[in-house]
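As structure tokens, the structure follows; a few thoughts come after it.
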Amino acid sequence: MSIFEFSSIIVAIVVGLAIANVLDKFSYTIKVTNWIKQGWFQSLLCVLVLNMMIGYFWGYWGMFYGITEIGLLEFMLGPFISTTSLYLISVFLPIPRLKENSTDIDNYYLEGRKPFFIVMAIFFIQSQLTAFYSLNATPELLVLLFVPLMLLGLQLKTIRGHKMIVTIPIALVVLIVSSTFITQT
30 MSIFEFSSII VAIVVGLAIA NVLDKFSYTI KVTNWIKQGW FQSLLCVLVL NMMIGYFWGY
90 WGMFYGITEI GLLEFMLGPF ISTTSLYLIS VFLPIPRLKE NSTDIDNYYL EGRKPFFIVM
150 AIFFIQSQLT AFYSLNATPE LLVLLFVPLM LLGLQLKTIR GHKMIVTIPI ALVVLIVSST
210 FITQT
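According to the numbering used here, the sequence shown is numbered sequentially starting from 30.
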């Protein structure tokens, strides 16, 4: 087995666990009794995080496929920090788990948002540094534009403000996905 195959097994396991965490939280948002008033926002946030994780997994294959050697430092600064960040994002996602009994999902979000947005900002910055270092990828300015949104998420204290700043990345993701479908057909 090549180093790419070994490292991709580690990445697949950790990203798979992170996706399982997000899906667990997503299932809670669907079961909220007043979904139109509260749960829709958290559901969209889960979909955005899932899309980011799947995008990372695909990007990992594109960046590191064909690499026959990777040093310990390169592995630690690249895939290890990224996958650790993804797992922490799934744990810190400010949505209660299915087993938790939280009646006010918006209050739960506001109380647990800070670690989530900090790790998201770290992930975006680190992923772009990895892309800058890699020969097969280029950094994306659009991704770095999400960092100020994450810092804004730390400062906002109302659920209404958070709904606005999370709706912007969701609209961008929908725009990117739809433009990809249009160009491929």
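No residue lacks a Cβ here, since even glycine has one placed at the ideal position from N, Cα and C.
Can you say whether Ala150 is buried or exposed, counting buried as having 16 or more other CB atoms within 10 angstroms of its CB?
In the sequence shown, residue 150 corresponds to position 121, counting from 1. Classification for Ala150: buried.
Please determine, among Lys66, Phe33, Ile48 and Ser37, the residue with the shortest C-alpha to C-alpha distance to Leu115.
The residue labelled residue 115 in the question sits at position 86 within the sequence shown. Comparing C-alpha distances from Leu115 to each of Lys66, Phe33, Ile48 and Ser37 shows the shortest one belongs to Ile48.
Contact set for Gln71: own chain, Cβ-Cβ below 7 angstroms, skip 5 residues either direction
In the sequence shown, residue 71 corresponds to position 42, counting from 1. Excluding positions up to five away in sequence, the list reads Thr58, Ile124, Ile134 and Tyr138.
Residues near Arg142 by beta carbon distance below 8 angstroms, same chain, minus five either side:
Walking along the sequence shown from the start, residue 142 turns up at place 113. Spatial neighbours of Arg142 in its own chain (CB-CB distance under 8 angstroms, excluding positions within 5 residues in sequence) are listed in chain order as Pro123, Gly182, Leu183 and His191.
Going by CA-CA distance only, name the one from Gln213, Ser31 and Leu73 that's closest to Gly95.
Stepping through the sequence shown from its first residue, residue 95 is reached at position 66. Residue Ser31 is the option with its Cα nearest to Gly95.
Under the assumption that Ile199 contacts Leu73 (Cβ atoms under 8 angstroms), give the Cβ distance between them as a whole number of angstroms.
Reading the sequence shown from its first residue, position 170 is the one you call residue 199. Reading the sequence shown from its first residue, position 44 is the one you call residue 73. At roughly 5 angstroms, the Cβ-Cβ gap stays under 8 angstroms, so Ile199 and Leu73 are in contact.
For a quick check, are the C-beta atoms of Ser111 and Thr159 less than 9 angstroms apart?
Taking the sequence shown and counting its residues from 1, one reaches residue 111 at position 82. Taking the sequence shown and counting its residues from 1, one reaches residue 159 at position 130. Cβ atoms of Ser111 and Thr159: closer than 9 angstroms.
Spatial neighbours of Tyr162 within its chain, please: CB distance less than 6 angstroms, with the 5 preceding and 5 following residues excluded, ordered by chain position.
For the purposes of this step, residue 162 is identified with residue 133 of the sequence shown, where counting begins at 1. Nothing listed; no residue qualifies.
According to the neighbour-count rule (16 or more other Cβ atoms, all chains shown, within 10 Å of its Cβ), is Asn63 buried or exposed?
Position 34 of the sequence shown, counting from 1, holds the residue named residue 63. Exposed.
Can you find the residues in the same chain that come closer than 8 angstroms, C-beta to C-beta, to Val172, ignoring five residues on each side of it along the sequence?
In the sequence shown, residue 172 corresponds to position 143, counting from 1. Excluding sequence neighbours, Val172 sits near Phe153, Ser156 and Gln157.
Exposed or buried, Ile65, counting other C-beta atoms within 10 Å across all chains shown (16 or more means buried)?
Walking along the sequence shown from the start, residue 65 turns up at place 36. With fewer than 16 other Cβ atoms within 10 Å, it is exposed.
Since Phe104 and Ser36 should fall inside the 8 angstroms C-beta cutoff, what is the C-beta to C-beta distance between them, to a whole number of angstroms?
Here residue 104 corresponds to residue number 75 of the sequence shown, with the count starting at 1. Here residue 36 corresponds to residue number 7 of the sequence shown, with the count starting at 1. Sure, about 6 angstroms apart at Cβ, within 8 angstroms.
Between Gly107 and Phe93, is the Cβ-Cβ spacing less than 9 angstroms?
Within the sequence shown, residue 107 is the residue found at index 78, counting from 1. Within the sequence shown, residue 93 is the residue found at index 64, counting from 1. Against a cut-off of 9 angstroms, the Cβ pair of Phe93 and Gly107 comes out as a contact.
Roughly how many angstroms lie between the CA atoms of Phe109 and Thr212, to the nearest whole one?
For the purposes of this step, residue 109 is identified with residue 80 of the sequence shown, where counting begins at 1. For the purposes of this step, residue 212 is identified with residue 183 of the sequence shown, where counting begins at 1. Taking the straight line joining both Cα atoms gives about 33 angstroms.
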